[in-house]
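Protein chains in written order, with full-length UniProt numbering: chain X, 1 to 352; chain H, 1 to 352.
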DNA sequence: GTTAAATTCGTGTACGTACACGGAGTTTAA
DNA sequence: TTAAACTCCGTGTACGTACACGAATTTAAC
C-alpha cells in the first residue's frame, strides 16, 4: 500500500546511503568492490523504497545484446507441425529486437538424435544468455539442460516437459487431459455400444511415449464414465502412407468402427485413406492445425481437430525468457496451453 | 534486402545532411523551424537509410507519460462478462507501465445510456492520448468517436464495431460466424427433424441487435445445409429470472425441443430453469466463460459454451493502442477473435 | 541602410543506468 | 620507510533522443 507515484532511481538511493551512484550501481549489478556494511545498508534502502530499476534506461545504457538460442525440430515433409512454433518464435523475436535481444535458430531432425546433440553442442560453445528448447529426446535433452544449469544459462521448455529440471518454465500441453477431451468429443458422436479405433503413428520411441499418454487420457474418460465401448488400438511405427494404409486395411476388414482417434497430427494420412476408400460415416478425430488436416476438415473427412496453440508456445517461450532475462519478473512455472477444438466452422478464426 | 546491421541514429542523418541533430530532430517530430529545402533533404536521407527511431531512447528522453482511457461497461450482478476484458486491460497496463504509459478506467452502466455519455464527456475533458472503447450504445458512441477524431485522439473499439469509424482497429467477435458455429454444433447433437429453441435475452435495444446477428448466423447454417429443423425463437426483454422462467414455461408447454440455443452469456438463467424443472435430455448451448455458466457446464446442464476471449480483447485493445502510440507500427484493422468451444472437459484450460 | 522581427538552425542539458578510470586510504611486501 | 598491491568508492562519459535556449541568418519595414 505504498505510494509509489515518484519513481525512485539510483541517485535517490545513493543520497540516502551517503554514497555515490557508482557504489549503488555496484551492488545492484552485484559487482565487487563494496564493503559488506555499505552493501547491506544499500540493500536495505533498496528494499525499503521498493526500488524498481528503469528497464528502459538500463537497456539503453547497456550496449551488450542478449542472445537467445532456440533449439526445435525442423519442420519436415512428414509433418509441418513445427512451422507454427517457429513462427511464434520469430514473431516474439521481432517484437523484442528493439530491446536489444537477438534470437538464433537451431534445428534438429526428429528422426535423428545425433543432429540434436550436435546442435546442442554448438549452442553450448557459443555462450548464450538463454535457451529455448523442445526436449524431444529425453536422455539427450537431460544431458543438455544439465550443462546449461552448470553454465548458469536459463532455459525454457516447450511442447514437452522434462522431469526434475529447473527450467525457467514449461510451456505446452497437458497430454493426458488432451486425450481425455478427445474421448469426451467422441462420446458425443457415438451411439451406445460402439467401437473406437485408436491410431498412434510415430517412429521414434521418445515421441511415441507422448502419444501413449494421450491414449491413457482417452481411455480414462471412458473408464470414468463407465461407457460401454469397444476400443481397438494400433501402434504404427512407420509414418509413410503405404504402411499406414496396409495396417488400416487389415483392421477395417476385421472390425466395424464408429470413430477413429489419431493421437497426433498424422491424422491426414488416415483421412487420405478414408477418402480413397470412400469410407464415410466414420467420425475422425485428430490433432493439430496443419494445412493437410484443414483440407480434410473442409471436406468433412475429419470431424474434429484438437489443437494446442503451437505458435503461442513458441511466442510465449521467447517472451518468457525475455521477461526472465530483462525484466527479471517471476514466471509461471507451468503454462499449460488451452485445449482447442477446431471444426469446419471455426477453423478460419483459429490462431495458433 | 538492405544491410541494417548498423543501426543508424539521428547523428548519422545529421552528418549526411550537413545539419545538426537538432534540425533532424525537428523534422522527425515534425516541429516548425526547418526550411522546406533542408526538410526535404533530411526526409530523403531518412528514407534512404530506412531509419528506425530508437524507441528505448525515445521513451527515456521524453518525460511525458502517455495516458490512455478505457471506457467499458461495469460488470454488474446481472452479468460478470466485463470482468474479463477489464482483467486483460489491467494486465496490459501492468506490462507497459514501465514504458511510461498509464491507463485510467471509466465504467458505464449497460442499462443506462446517460452514464455512458457522462463518462465520455469526462474523458474528452481530460485530453487523453488514446481511448479504448466498448461502443455498446451506437448513437452515443458515434458521437463520442466523432469528438475523438476531431481532437485527433486515436481510439480502439472492442467487443462490437462501429460502422464507418476510423478507429485504429476493431478487436472482437464476428457475430454472424459465431452463431453459424453454434448451429454446426447443434447439428452434431441433433436427430434429424428436430426442434430448436433460440433464446435472446437483453433489455437494451442496442445490445439486442448483436444477438439478432448471431441468430441470423445460426439460421444461415441450417439454410445452407438444407437441414430440416423446426426453429422457434423468443426475445426476452427482461433479464430477471422470473420473466425468463415464465416465458420458458409457456414455450415448453407448447413445444418439444431437442436443443436450446441462448445467444449470450445469460444461458445460466436457462440452465437454472432446466435444473429446477429437472429437465434433462435437452442440449443447451450458450455463450461465455462465466462462473455461473461453468458451474452448469460441470453439472452437464449446459453442453457447450462458445467463447471469444474477452480477456484477450481487453489485452489486445491496450497493446494495440500502445503499439500505435509508442512504436508507431501498423495495426491490423480488424482483429476477429477465434471462436472457442468450451466443454466440461477443457474448461479448466481455457484462458480468456 | 538601419533596425526589428521572423526564420532557421546549432548547442547544451536531461532522461536513468552501465562501466571505465582513477583517487584515496589501507594493508602487504621488500 | 617506501613501493606495490589491494580495497573501497567517486567522477565522468556514453547510450540515442527530446527540448529549451539562444545564435546566426534572412526578411520586412521605415
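Glycine is no exception: its CB is placed at the ideal position from the N, C-alpha and C atoms.
On a predicted model such as this, the values are computed, not experimentally measured, just so you know.
For the alpha helix (DSSP H) containing residue 202/X, name the first residue and the last one.
For this step, residue 202/X is matched to residue 202 along the first chain. Counting along the chain, residue 202/X falls outside any alpha helix (DSSP H), and DSSP gives it neither H nor E.
Is residue 195/X helix, strand or coil by DSSP?
Translated into positions along the first chain, residue 195/X becomes position 195. In the structure shown, residue 195/X sits in a strand (DSSP, three-state: E or B).
If you measure between the beta carbons of residue 88/H and residue 64/H, is that distance less than 9 Å?
Here residue 88/H is taken as the residue at index 88 of the second chain, counted from 1. Here residue 64/H is taken as the residue at index 64 of the second chain, counted from 1. No, Cβ-Cβ distance for residue 88/H and residue 64/H is not below 9 Å.
With distances taken between CB atoms, is the gap from residue 231/H to residue 273/H smaller than 9 Å?
The residue you call residue 231/H lines up with position 231 of the second chain. The residue you call residue 273/H lines up with position 273 of the second chain. It is not a contact, given that the beta carbons lie outside the stated cut-off.
Tell me which residues of the region 50–62 of chain X have at least one Cβ-Cβ distance to chain H shorter than 8 Å, keeping chain order.
Those residues of the region 50–62 of chain X that come within reach of chain H (Cβ to Cβ, closer than 8 Å) are 52, 54, 55, 56, 57, 59, 60.
So, is the C-beta of residue 348/H closer than 9 Å to a C-beta in chain X?
Stepping through the second chain from its first residue, residue 348/H is reached at position 348. Yes, because at least one Cβ of chain X sits closer than 9 Å to the Cβ of residue 348/H.
What residue from 188/H, 307/H, 166/H, 69/H has the CA that sits closest to residue 130/H's CA?
Position 130 of the second chain, counting from 1, holds the residue named residue 130/H. Out of 188/H, 307/H, 166/H, 69/H, 69/H has the C-alpha closest to the C-alpha of residue 130/H.
For residue 33/X, count neighbouring Cβ atoms within 10 angstroms of its own Cβ and tell me buried if that reaches 16, exposed if not.
Indexing the first chain from 1 puts residue 33/X at position 33. That one is exposed.
Give a yes or no on whether 9 Å exceeds the smallest Cβ distance from residue 337/X to chain H.
The count along the first chain starts at 1 and reaches residue 337/X at position 337. Answer yes: the Cβ-Cβ gap between residue 337/X and chain H drops below 9 Å somewhere.
Is it right to say residue 23/H is buried, meaning 16 or more other beta carbons lie within 10 angstroms of its own, or is it exposed?
As a working note, residue 23/H is residue 23 in the second chain. The residue is buried, with at least 16 neighbouring Cβ atoms inside 10 Å.
Along the chain, where does the beta strand (DSSP E) that runs through residue 290/H open and close?
Start at 1 with the first residue of the second chain, and residue 290/H comes out as number 290. Here residue 290/H belongs to no beta strand (DSSP E), and DSSP marks it neither H nor E.
Could you tell me the alpha carbon to alpha carbon distance between residue 258/H and residue 310/X, rounded to whole angstroms?
Here residue 258/H refers to the residue found at position 258 of the second chain. Here residue 310/X refers to the residue found at position 310 of the first chain. Rounded to the nearest angstrom, the two C-alpha atoms are 37 Å apart.
Mind pulling the beta strand (DSSP E) runs of 3 or more residues that sit fully within the region 88–138 of chain H?
Complete beta strand (DSSP E) runs here, min 3: 101–108, 130–133.
Would you list the residues sitting across from residue 230/X in a DSSP beta bridge?
Walking along the first chain from the start, residue 230/X turns up at place 230. BP columns for residue 230/X point to 195/X.
How is residue 5/H classed by DSSP in three states: helix, strand or coil?
In the second chain, residue 5/H corresponds to position 5, counting from 1. Annotation note: pLDDT 48 at residue 5/H (below 50); position unreliable, coordinate value reported separately. Coil, per DSSP.
Could you tell me which uninterrupted beta strand (DSSP E) segments, each at least 3 residues in length, are contained entirely in the region 249–328 of chain X, listed from first to last along the chain?
For the region 249–328 of chain X, whole beta strand (DSSP E) runs of length 3 or above, ordered along the chain, are 259–262, 283–287, 304–307.
Which whole-angstrom value is the C-beta distance of residue 216/H and residue 176/H, which I expect to be below 8 Å?
Looking up residue 216/H in the second chain gives position 216. Looking up residue 176/H in the second chain gives position 176. At roughly 6 Å, the Cβ-Cβ gap stays under 8 Å, so residue 216/H and residue 176/H are in contact.
Given that a residue counts as buried once 16 or more other Cβ atoms are within 10 Å of its Cβ, and exposed if not, what is residue 10/H?
As a first step, residue 10/H must be located in the second chain, where it is residue number 10. Label assigned to residue 10/H: buried.
Tell me which residues share the same chain as residue 2/X and place their Cβ nearer than 8 Å to its Cβ, disregarding the 5 neighbours each side in the sequence.
The residue you call residue 2/X lines up with position 2 of the first chain. Low confidence applies to residue 2/X: its pLDDT is 38, below 50, so where it sits in the model is not reliable, and the reading given next is rough at best. Cβ neighbours of residue 2/X beyond the five flanking positions: 50.
Taking residue 181/X as the reference, which of 96/X, 168/X, 308/X, 316/X has the closest Cα?
For the purposes of this step, residue 181/X is taken as the residue at position 181 of the first chain. The option with the nearest alpha carbon to residue 181/X is 308/X.
Nearest chain H C-beta to residue 190/X closer than 9 Å, yes or no?
Taking the first chain and counting its residues from 1, the one referred to as residue 190/X is at position 190. Not an interface residue.
What does the alpha-carbon distance come out to for the pair residue 119/H and residue 109/H?
As a first step, residue 119/H is located in the second chain; it is residue number 119 there, counting from the start. As a first step, residue 109/H is located in the second chain; it is residue number 109 there, counting from the start. The alpha-carbon atoms of residue 119/H and residue 109/H are separated by roughly 10 Å.
Give the DSSP-derived three-state secondary structure of residue 37/H in the structure shown.
Taking the first residue of the second chain as 1, we reach residue 37/H at position 37. Helix at residue 37/H.
Applying the criterion that 16 or more other CB atoms from any shown protein chain within 10 Å of the CB defines a buried residue, is residue 174/X buried or exposed?
Position 174 of the first chain, counted from the start, is the residue given in the question as residue 174/X. That one is buried.
Who are the neighbours of residue 345/H on chain X, taking C-beta pairs under 7 Å?
Translated into the one-based positions of the second chain, residue 345/H becomes position 345. 180, 181, 184, listed in chain order.
Report yes or no: is there a C-beta of chain X within less than 9 Å of the C-beta of residue 41/H?
Position 41 of the second chain, counted from the first residue, corresponds to residue 41/H. So no, residue 41/H is outside the interface.
Check the Cβ-Cβ distances between residue 98/X and every residue of chain H, and say whether any is below 9 Å.
As a first step, residue 98/X is located in the first chain; it is residue number 98 there, counting from the start. Cβ-Cβ to chain H under 9 Å: yes for residue 98/X.
Report the rounded CA-to-CA distance for residue 333/X versus residue 172/X, giving the unit in angstroms.
Looking up residue 333/X in the first chain gives position 333. Looking up residue 172/X in the first chain gives position 172. For residue 333/X and residue 172/X, the distance between alpha carbons rounds to 11 Å.
From the beta carbon of residue 287/X, is the nearest beta carbon of chain H less than 9 Å away?
Mapped onto the first chain, residue 287/X falls at position 287. Output row for residue 287/X: interface = no.
Since residue 341/H meets chain X, which of its residues come closer than 9 Å, beta carbon to beta carbon?
Sequence index remark: in the second chain, residue 341/H carries index 341 (1-based). Here the neighbours are 340, 341, 342, 343, 346.
Can you tell me where the alpha helix (DSSP H) with residue 188/X in it begins and where it stops?
Counting from one through the first chain, the residue named residue 188/X turns up at place 188. Its alpha helix (DSSP H) spans residues 175–189.
Within its chain, find whatever has a CB closer than 8 Å to the CB of residue 289/H; leave out the 5 residues flanking it on each side and keep chain order.
On the second chain, position 289 is the one that residue 289/H refers to. The answer, listed in chain order, is 84, 305, 307, 310, 342, 347, 350, 352.
Quick one: is residue 273/X near chain H, going by C-beta distance under 9 Å?
For the purposes of this step, residue 273/X is identified with residue 273 of the first chain, where counting begins at 1. Closer than 9 Å: no.
Kindly confirm or deny that the region 278–287 of chain X and the region 316–324 of chain X touch, where touching means at least three C-beta pairs closer than 8 Å.
No, the region 278–287 of chain X is not in contact with the region 316–324 of chain X.
Can you say whether residue 200/H is buried or exposed, counting buried as having 16 or more other CB atoms within 10 angstroms of its CB?
In the second chain, the residue the question calls residue 200/H occupies position 200. The residue in question, residue 200/H, is buried, as its Cβ has 16 or more Cβ neighbours within 10 Å.
When DSSP labels each residue in this structure, what does residue 85/H get in the three-state scheme?
Within the second chain, the letter at position 85 stands for residue 85/H. In the structure shown, residue 85/H sits in a helix (DSSP, three-state: H, G or I).
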